[in-house]
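Residue numbers (the UniProt record's numbering), protein chains in the order written: chain P, 1 to 405; chain E, 1 to 405. Just so it is clear, CB atoms sit at the ideal spot from N, CA and C, and this is done for glycine as well. To start, the structure under review is shown below, and the notes come after it.
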């Protein structure tokens, strides 16, 4: 029984191959590395029916993940998040078949747990004892907590404006937490200098090749949850874009191994950004292959405040290949959509997830999403991590008071 | 195909039977009502293997739940939360086989989602259009959000000291939210007066019979996750005690239908309370059948600040029947245990869950938990809902600064 069909790493830019049994970071050419599997052998030896009876977490797909030995798996039960029909909200925006993949129902309350589970497990397997990383909050929280479970030391650098609760998660895990009076790009530079100076493993987004493998399980789960079929459109809030790259990679791997038809039309992937930070949208509109640094970025959807993503070219490639698109949403629109989603469906989504619902509404109104299409919205985190997005002015009674109507 | 084997309701005190097809609240004798099923027919017609391939949520046990028609199910994907081995923490307290059932990985971030999903679904099925309920925060948040999805109006009354984030959840759902400068018992009195005056459905804990059916799925899941076996001990943070009553009910039902052996020794159930609010512990120590109002109750584990539970006699019965016990933990102990759990296992548990880990440590030290026993701790919610239980003093750098070692 082969636990993982991992074969090697490769550079999507200069096509150099790398040994996956060694710790690797970026390609010498500066590009992120991607993980390859022996998909031919996997297709012969593993059937999609084999996973049906496994535990409902992302490790049910372990053959398509990089961890070689189950003993190295660091898991808190992440994955197989619900895919929920949201028909009332769908009717409200004219999308009959609207679904929410709810990534708030996961350890640490955000989809970052997927990348952390697989990234930390693989780091442990390769002997990493300490890492540093910049974060907009949720990724750092997830990596800090999974690192604690793995017995790995971590240094997390996040902007002072990152969601407060993610500080607590890092602090309670015992991580070395540092704030920076700036953006995630500033945190990244501080981490880069520390990595250089102290010889640490660099856990930055896409500077290690394995978190993308965790994120890709969102794509595998969507296919399995549709009965090994795919929807027409998947919308994803795009900061670093790892999830979108991962979903695209997953669906192509599933085609290769025949778990979904090799000739099926892949879902059109949509990168949703904020008007206050829309480098991918700008690049897509200009039909470019990569993005430029987005100056003075600012948005309430803090997780997608990423002015320049290292994997921008992979995100754009996924959009072009699937005939998807990129779209920017204002903070006002997303806050309105967050309230609508809660009121109509009882789902308290994060601001990034709300931006994606708003994007679905806009794309349906413009006709880009056609009548009857099956549309999946990724809600990347729990609304409870963002208390400041909701204001509650509430009357206070004394015990002897009565309610009025 | 019978979706639910619901037969009727009965009073556990005076044994009066009630028609389940009508809206029912308390028994005329003042006791909560319990739900009965046609377990004989269920045992003949449904096998435990039948549920294996179903979706990983609590509705996989729909035959043992009260909702008659699948069309009335109001679900956000709740249930089948992970049962996670916590071996490092276990070793630290001398419990070799320690598991955490993590109820933070659920919509609304607390186990209250189970009661809300089943309670609201059944209320919808019975035609309820509006309800009122008192809450210590999490239950109200869950009921408000599920009610929004069901299209039912809700009035939620909670203490001013309840976790702030639960206010936001109620507010964003569109519920009618009111605070009271007092305890949940004061909120309960305000709700009782409003129910009387305006003819509302009373959603108070155990004043409607169905939330307990949602909570009992924790017990069914534990059995299924152990391969239709049971652990030796289950520890549960006890406020209203509905989960403990539900787990006990579930395990007895599973014995009756033969999904676990009819003659197996049921787990010893442990009610964990706070030293600042320990009415069940006091009653148990005095070998009483019910509890007395606990004066001036106060604890940081807000969810278990319930000075007098309506179902106290059912909780105590479950403890006596299973040879379990009741134990109180100080706020200092639980805060220390919360930090230990995060540092050793990467699990950021809620204060109530932390109290239960502390109780396991104490009971192992005293020998009440024996060497080698399989012990399950219920973590009833996500730590991220309680930011004030962790303090993070963090250095702030400027972008040009460097990390030091």
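query	result
According to DSSP, is residue 120/P helix, strand or coil?	helix
For residue 302/P, count neighbouring C-beta atoms within 10 Å of its own C-beta (all shown protein chains included) and say buried if the count is 16 or more, exposed if not.	buried
If you drop the 5 nearest sequence neighbours on each side, which residues of the same chain put their C-beta closer than 8 Å to that of residue 342/P?	348, 349 and 383
Of all the CB atoms in chain E, is at least one closer than 8 Å to the CB of residue 99/P?	no
Can you give me the Cβ contacts of residue 418/E inside the same chain, cut-off strictly under 6 Å, excluding the 5 residues immediately before and after it?	Summary: the structure shown does not reach residue 418/E, with chain E confined to residues 1 through 405, and so no result is reported for it.
Among the candidates 72/E, 233/E and 186/E, whose CA atom is the shortest distance from the CA of residue 97/E?	233/E
At a Cβ threshold of 8 Å, is residue 255/E touching chain P?	no
Name the chain E residues that come within less than 9 Å of residue 1/P, Cβ to Cβ?	Those do not exist, as residue 1/P stays about 20 Å from chain E at its closest Cβ, beyond 9 Å.
If you count every other CB in all the chains shown that lies within 10 Å of the CB of residue 1/P, and 16 or more means buried, which is it?	exposed
Where do the ends of the alpha helix (DSSP H) carrying residue 44/P lie?	39 to 45
Using the C-alpha atoms, what's the distance from residue 176/E back to residue 90/P?	25 Å
For the alpha helix (DSSP H) that contains residue 296/P, what are its first and last residues?	Per DSSP, residue 296/P belongs to no alpha helix (DSSP H) and is neither H nor E.
Quick check on this structure: which residue in 307/E, 288/E and 289/E has the alpha carbon closest to the alpha carbon of residue 296/E?	307/E
Compare the C-alpha of residue 146/E against each of 377/E, 88/E, 259/E and 107/E and name the closest.	107/E
Does the stretch 178 to 187 of chain P come close enough to the stretch 127 to 147 of chain P to have 3 or more Cβ pairs within less than 8 Å?	yes
Does DSSP put residue 76/E in a helix, in a strand, or in coil?	coil
Go ahead and label residue 366/P buried or exposed: buried means 16 or more other beta carbons lie within 10 angstroms of its beta carbon, across all protein chains shown.	exposed
Can you pull the chain E neighbours of residue 146/P, defined as C-beta to C-beta under 7 Å?	346
Quick check: the stretch 386 to 400 of chain P against the stretch 305 to 325 of chain P, are at least 3 beta-carbon pairs closer than 8 Å?	no
Would you check if the distance between the CB atom of residue 61/P and the CB atom of residue 220/P is smaller than 8 Å?	yes
Is there contact here, the stretch 227 to 247 of chain P with the stretch 368 to 375 of chain P, by at least three beta-carbon pairs under 8 Å?	yes
Rounded to the nearest angstrom, what separates residue 277/P and residue 19/E at their Cα positions?	58 Å
Measure the C-alpha to C-alpha separation of residue 217/P and residue 266/E and round it to an integer number of angstroms.	38 Å
Checking the sheet assignment: what are the DSSP bridge partners for residue 398/E?	In DSSP, residue 398/E forms no bridge with anything.
Spell out whether any CB of chain E is found under 8 Å from the CB atom of residue 231/P.	no
Can you list, in chain order, the residues of its chain with a C-beta nearer than 7 Å to that of residue 74/P? Leave out the 5 residues immediately preceding and following it.	117, 120, 121, 124, 146, 149 and 150
Taking all protein chains shown into account, do 16 or more other C-beta atoms lie within 10 angstroms of the C-beta of residue 196/P, making it buried, or fewer, making it exposed?	exposed
In the structure shown, what three-state DSSP assignment does residue 196/E receive?	helix
Once DSSP output is grouped into helix, strand and coil, what is the label at residue 325/P?	strand
What residues of chain P sit near residue 198/E, judged by a beta carbon separation below 7 Å?	405
Please decide whether residue 93/E counts as near chain A, where near means a Cβ-Cβ distance under 8 Å.	Here chain A cannot be found, since the structure's protein chains are P and E.
Among 40/P, 52/P, 12/P and 66/P, which has the Cα closest to the Cα of residue 6/P?	66/P
Between the beta-carbon of residue 202/E and the beta-carbon of residue 132/E, is there less than 8 Å?	yes
Please confirm if residue 155/E has its CB atom under 8 Å from at least one CB of chain P.	yes
CB residue 36/P to CB residue 64/P, shorter than 8 Å?	no
Could you give the residue range of the alpha helix (DSSP H) that holds residue 131/P?	Element bounds for residue 131/P: not the alpha helix (DSSP H) but the beta strand (DSSP E), 130 to 134.
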